[in-house]
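The sequence shown maps to residues 1 to 129 in UniProt numbering.
The C-beta atom is built at its ideal place from N, Cα and C for all residues, glycine as well.
Just so it is clear, the structure is predicted and the values come from calculations on it, not from any experiment.
Reviewing the structure listed below.
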Amino acid sequence: MGQSFHPEQVAVLVVEDDALLRAEAVDLCIEAGFTTHEARTADQAIRVLEHHPEIRVLFTDIEMEGSMDGLKLAHAVRERWPPVAILITSGRRMVTQADLPENGLFFAKPYPPDDIVAALNAIAARIAP
């Protein structure tokens, strides 16, 4: 059982419009050992995903500028890149499971960093080669 995995084999895309919060989330992912990319808007996130097929986790805020919010981004990613795991966060909006794409996880801000790392590790263990 106890499948071994290496976090650096799993790439995470952090999407957050607030620079400080984005930096904190990126640092959290890097410190947990994950390869990490970042974007400020959903439009940038789509471009990053197009150029980095190794990304396996989307970690996005809901409220952001641009053509779509984080929920719409999450649904678009689920449709276009089905293998990508999705973590959604917000400090202003509460969502129900029905709002989330299939297998999406929601974390209210301020989220406990350990909960995010645990979710990332669970995803990594499930998808690691």
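Of the residues assessed, residue 56 falls on the buried side of the cut-off, its CB having 16 or more other CB atoms within 10 angstroms.
The C-alpha of residue 17 lies about 10 Å from the C-alpha of residue 23. Scanning the segment 49-128 for uninterrupted alpha helix (DSSP H) segments of 4 residues or longer gives 70-80, 113-127, listed from N- to C-terminal end.
Excluding residues up to 5 positions away in sequence, 86, 101, 102 lie with their Cβ nearer than 7 Å to the Cβ of residue 78 in the same chain. In this structure, residue 12 lies near residue 59, with their beta-carbon atoms less than 8 Å apart.
In this structure residue 90 does not touch residue 74 by the C-beta definition: roughly 11 Å separates them, more than the 8 Å allowed. Per the coordinates, the alpha-carbon of residue 70 lies some 6 Å from the alpha-carbon of residue 61.
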